[in-house]
Ligand SMILES: Nc1ncnc2c1ncn2[C@@H]1O[C@H](COP(=O)(O)OP(=O)(O)OP(=O)(O)O)[C@@H](O)[C@H]1O
Ligand SMILES: [Mg+2]
């Protein structure tokens, strides 16, 4: 089981869009895939038409004895399950803080699922918190969407520093450019400049209204507009991610 977290400090940069599309691609490739919507906004749950509700809320789910399996929902996509968001996740930090080894808790909760899933995607809320720390401990790979702007790039440096501090030397941190508007000089320049950064994935996701339509279609863009530039971007990202993990990137 490989755990892929999509997280950064900044909000609205395409985390959920990436998590939803990559989880879909993973499942359609035949990997048994779980998407855990950790954001109280519940956007990933919404896109897959799953009600953002967890019986007992986040507090109960984090208990050492609690089994995640009964909370997992199927989706319309074969091989793709979803662990929905819940509005109580807004207090997940406090719930974690009240427990022993809070940083290890998400890894502990996911461990029993190791034989059931090949890939687990974590769609995380923005900001830095005890939840993010626990996410970093649970993840094998951290995907970081970065809009080519100063603040988003600064967010990436903060994520890198935070990951280093969290003591996860083995964590593979893979930033990629998201919502790229090539008409903007600043975007073009930043993409070019970071072309020299070996960690950055080469694939950039373009800014495209077809992605925004996910909210109306309630499906990943790779499902309803597979030949769009954005969908091809997510396919490229998925291929590159796999190549990197196989050591060939
Ligand atoms: N490549 C894109 N082109 C155009 N719009 C996009 C793109 N990616 C995401 N969006 C839109 O931008 C908004 C934010 O995207 P998304 O929800 O994926 O970001 P996020 O980082 O998960 O946000 P949050 O921090 O709130 O969880 C959404 O309305 C989404 O439809
Ligand atoms: Mg999101």
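Numbering (my numbering), first residue to last: 33 to 281.
Built from N, CA and C at the ideal position, the CB exists for glycine as well.
None of these values were measured; they are calculated from a predicted model.
Buried/exposed call for residue i, threshold 16 Cβ in 10 Å
{"i": "residue 253", "result": "buried"}
{"i": "residue 66", "result": "buried"}
{"i": "residue 126", "result": "exposed"}
{"i": "residue 102", "result": "exposed"}
{"i": "residue 138", "result": "buried"}
{"i": "residue 99", "result": "exposed"}
{"i": "residue 182", "result": "exposed"}
{"i": "residue 74", "result": "buried"}
{"i": "residue 249", "result": "exposed"}
Inter-residue Cα distance where the pair is residue i and residue j
{"i": "residue 45", "j": "residue 210", "result": "7 Å"}
{"i": "residue 55", "j": "residue 278", "result": "18 Å"}
{"i": "residue 230", "j": "residue 150", "result": "27 Å"}
{"i": "residue 168", "j": "residue 203", "result": "8 Å"}
{"i": "residue 50", "j": "residue 81", "result": "17 Å"}
{"i": "residue 155", "j": "residue 34", "result": "14 Å"}
{"i": "residue 206", "j": "residue 70", "result": "20 Å"}
{"i": "residue 246", "j": "residue 116", "result": "18 Å"}
{"i": "residue 263", "j": "residue 53", "result": "8 Å"}
{"i": "residue 134", "j": "residue 217", "result": "43 Å"}
{"i": "residue 87", "j": "residue 219", "result": "43 Å"}
{"i": "residue 163", "j": "residue 128", "result": "7 Å"}
{"i": "residue 38", "j": "residue 188", "result": "12 Å"}
{"i": "residue 140", "j": "residue 79", "result": "27 Å"}
{"i": "residue 240", "j": "residue 260", "result": "9 Å"}
{"i": "residue 236", "j": "residue 109", "result": "25 Å"}
Candidates the options, of which the one nearest residue i by Cα
{"i": "residue 131", "options": "174, 150, 117 and 97", "result": "97"}
{"i": "residue 106", "options": "59, 222 and 238", "result": "59"}
{"i": "residue 63", "options": "147, 161 and 83", "result": "147"}
{"i": "residue 265", "options": "248, 251, 244 and 238", "result": "238"}
{"i": "residue 225", "options": "244, 88 and 180", "result": "180"}
{"i": "residue 158", "options": "269, 76 and 41", "result": "41"}
{"i": "residue 92", "options": "164, 120 and 268", "result": "120"}
{"i": "residue 243", "options": "234, 235 and 255", "result": "255"}
{"i": "residue 178", "options": "268, 77, 222 and 273", "result": "222"}
{"i": "residue 83", "options": "68, 190 and 95", "result": "68"}
{"i": "residue 72", "options": "94, 118, 85 and 274", "result": "118"}
{"i": "residue 170", "options": "144, 185 and 270", "result": "144"}
Backbone secondary structure at residue i - three-state DSSP
{"i": "residue 203", "result": "coil"}
{"i": "residue 279", "result": "coil"}
{"i": "residue 192", "result": "helix"}
{"i": "residue 182", "result": "helix"}
{"i": "residue 225", "result": "helix"}
{"i": "residue 215", "result": "coil"}
{"i": "residue 60", "result": "helix"}
{"i": "residue 238", "result": "strand"}
{"i": "residue 233", "result": "coil"}
{"i": "residue 261", "result": "helix"}
{"i": "residue 99", "result": "coil"}
{"i": "residue 252", "result": "coil"}
{"i": "residue 161", "result": "coil"}
Cross-strand partners of residue i (DSSP beta bridge)
{"i": "residue 208", "result": "177"}
{"i": "residue 38", "result": "155 and 175"}
{"i": "residue 105", "result": "114"}
{"i": "residue 69", "result": "155"}
9 Å Cβ cutoff, residue i in contact with chain B
{"i": "residue 232", "result": "The chain labelled as chain B is not found in the depicted structure, where only one protein chain is given."}
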